[in-house]
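Residue numbers (the working numbering): 208 to 285.
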């Protein structure tokens, strides 16, 4: 598996995993001027198919703080 990370000045970050089964992307969009909401998309692409959005969610500031606390509890971040 090969993993890449790309970020843009417009507030979009993409983590991409490339495997023999296809490509998985985690796309995070920040909204310039509105730091209280982010959008998260999970996309999957299999050979021969187009990009499919598996899931999209918007998280407000309170939800993001809860997510970070949960990730810390799980040991995923410090």
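Each residue gets a CB set at the ideal place from its N, CA and C atoms; glycine is no exception.
Neighbour-count burial assignment, residue i, 16 or more Cβ in a 10 Å radius
i	result
residue 284	exposed
residue 273	exposed
Three-state secondary structure (DSSP) of residue i
i	result
residue 229	strand
residue 285	coil
Spatial neighbours of residue i in its chain, beta-carbon cut-off 7 Å, leaving aside the 5 residues before and after
i	result
residue 267	243, 244
residue 236	218, 219, 245, 246
residue 264	247
residue 249	233, 261, 262
Residue i Cβ short of 8 Å to the ligand GDP heavy atom set
i	result
residue 219	Because no ligand of any kind appears in the structure shown, any question about the ligand GDP cannot be addressed here.
Cutoff 6 Å; reference residue i; Cβ partners in own chain excluding five residues on either side
i	result
residue 208	224, 226
Supposed contact pair residue j and residue i - C-beta distance, whole angstroms, cut 8 Å
i	j	result
residue 221	residue 252	Not a contact, Cβ separation roughly 13 Å.
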